[in-house]
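Each remark here refers to the structure printed beneath this line.
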Amino acid sequence: MSIQLHMATTGFCNARCGFCVYATPENDRKKGTMPMGLFRKIINEASEIPSITQIAFSALGEPLLDPHIVERVAYVNEKCPHWTLSELYTNGVNLTPQRFERLKAAGLDSISISLNANTAEEHEKRMGLKGKFDQVCANADYAIAWGEGMEIRIKAVSTEDDFTKEDVQKFYERWGYVPMGGHGQAVILRNWAGEIQTIEGGIPDPDACCGRAIGQISVLWDGTVSLCCFDPLAKHNLGDLKSQTIREIYNAEWYTNFREDHANNRASKYEICAGCTRV
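Residue numbers are given in the numbering used here: position 239 of the sequence shown equals residue 277, and the series is strictly consecutive.
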């Protein structure tokens, strides 16, 4: 089984998206940026675990607010050349052509830009980024034009209220559709394990195995390991990589039982999973 190392190297974000738990009152976690020493420790350990084959720079923080992000991407490619994918999720404000070229040269494989709008007004309303829409679009166009060999995706979160099917269609007209060779990808709003909304009618199958539960190790900027990327506030704190190893945390009894329960379609044993929209 392939495991993704999902890392938030910074806890800061310049956006205030209405569909993200970052901007909610519940997000009272201390914010900071992961020291390079801790990052190297984690990557060194991960490089010796054959089942870890991917890394994603994501979670609540905006990776491009991390001053060490290019250095981190380069270090991953130096230590883990066998990994199949390194990807980064960004709101695109700071994905300047110069920054893009540095990330590409460092070996980044994939960039997902969260645009979430067709107009400047929508962009400000949905993401809290005033006057940044044209800048993000220009950055995205540059990445598409010069990202040969990379996967470039322009993303939007679709809801029934403020980004409808008609909005999605306009989005695809601008950016194309990923399965048809384009770069646009609209995804349905998720509920962040019940943190930001309730789902009418409940979860289709609360017992079903979740890919994130069994295929992801989620690390926050301070070394805390959370249940998954839908637990970005670490309400389920599985350990601390400042003082523990990845193997120690991953092989702990509770975490092992959690993965086994998911693999055997017993996910609803865990309250956070029972009410989550999953992947």
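Think of the CB as a built atom: it goes at the ideal place given N, C-alpha and C, for glycine as much as any other residue. Note that the coordinates shown come from a computational prediction; the quantities given were computed from them, not determined experimentally.
Worksheet item: Helix or strand or just coil, what does DSSP make of S264?
Response: Looking up residue 264 in the sequence shown gives position 226. Strand, per DSSP.
Discussion item. With distance defined between alpha-carbon atoms, name the residue in Q92, G220, T91, S96 nearest to T71.
Written reply: Within the sequence shown, numbered from 1, the residue matching residue 71 stands at position 33. Checking every option, the nearest Cα to that of T71 belongs to S96.
Fill in: Spatially closest choice to R316 from A183, G220, G253, A84, by CA coordinates
Here the question's residue 316 lines up with position 278 in the sequence shown. The option with the nearest alpha carbon to R316 is G253.
Item to complete: Taking L141 as the reference, give the member of E160, P105, E309 with the closest Cα.
Response: Mapped onto the sequence shown, residue 141 falls at position 103. Out of E160, P105, E309, P105 has the C-alpha closest to the C-alpha of L141.
Fill in: Cα-Cα separation, L43 to G130
For the purposes of this step, residue 43 is taken as residue 5 along the sequence shown, with counting starting at 1. For the purposes of this step, residue 130 is taken as residue 92 along the sequence shown, with counting starting at 1. Just so you know, the alpha carbons of L43 and G130 end up roughly 22 Å apart.
Fill in: Contacts around N132, its chain only, beta-carbon distance under 6 Å, and the 5 residues preceding and following it disregarded
Start at 1 with the first residue of the sequence shown, and residue 132 comes out as number 94. Excluding sequence neighbours, N132 sits near L102.
Item to complete: Below 8 Å CB to CB, which residues in the same chain sit around I234 once its five sequence neighbours on both sides are set aside?
Response: Counted from its first residue, the sequence shown places residue 234 at position 196. Note that I234 scores a pLDDT of 48, beneath 50, so its modelled location is shaky and nothing firm can be said.
Practice prompt. Have a look at D199 and S85 and give me their C-alpha separation to the nearest angstrom.
Written response: Locating residue 199 in the sequence shown gives position 161, counting from the first residue. Locating residue 85 in the sequence shown gives position 47, counting from the first residue. Just so you know, the alpha carbons of D199 and S85 end up roughly 44 Å apart.
Fill in: Simplified DSSP assignment, three categories, for I87
Residue mapping note: residue 87 aligns to position 49 of the sequence shown, counting from 1. Three-state DSSP puts I87 in coil, outside helix and strand.
Discussion item. If I follow the unbroken beta strand (DSSP E) through R191, where does it start and stop?
Written reply: Along the sequence shown, read from residue 1 onward, the residue named residue 191 stands at position 153. Where R191 is concerned, the enclosing beta strand (DSSP E) stretches over 189–196.
Worksheet item: Do L279 and I80 have their CB atoms nearer than 7 Å?
Response: Residue 279 sits at position 241 when you count from the first residue of the sequence shown. Residue 80 sits at position 42 when you count from the first residue of the sequence shown. Contact: yes.
Practice prompt. Note down, one range per segment and in chain order, each beta strand (DSSP E) of at least 3 residues found wholly within the segment 77–162.
Written response: If we require 3 residues or more, the beta strand (DSSP E) runs fully inside the segment 77–162 come out as 90–95, 123–128, 148–152.
Worksheet item: Along the chain, where does the beta strand (DSSP E) that runs through Q223 open and close?
Response: Taking the first residue of the sequence shown as 1, we reach residue 223 at position 185. First-last of the beta strand (DSSP E) with Q223: 222–226.
Worksheet item: Grouping DSSP H, G and I as helix and E and B as strand, with all else coil, what is M45?
Response: Residue numbering aside, residue 45 sits at position 7 when the sequence shown is read from its first letter. Three-state result, M45: strand.
Item to complete: Flag this pair as yes or no: are the beta carbons of S150 and R191 separated by less than 7 Å?
Response: Counting from one through the sequence shown, the residue named residue 150 turns up at place 112. Counting from one through the sequence shown, the residue named residue 191 turns up at place 153. It is a contact, given that the beta carbons lie within the stated cut-off.
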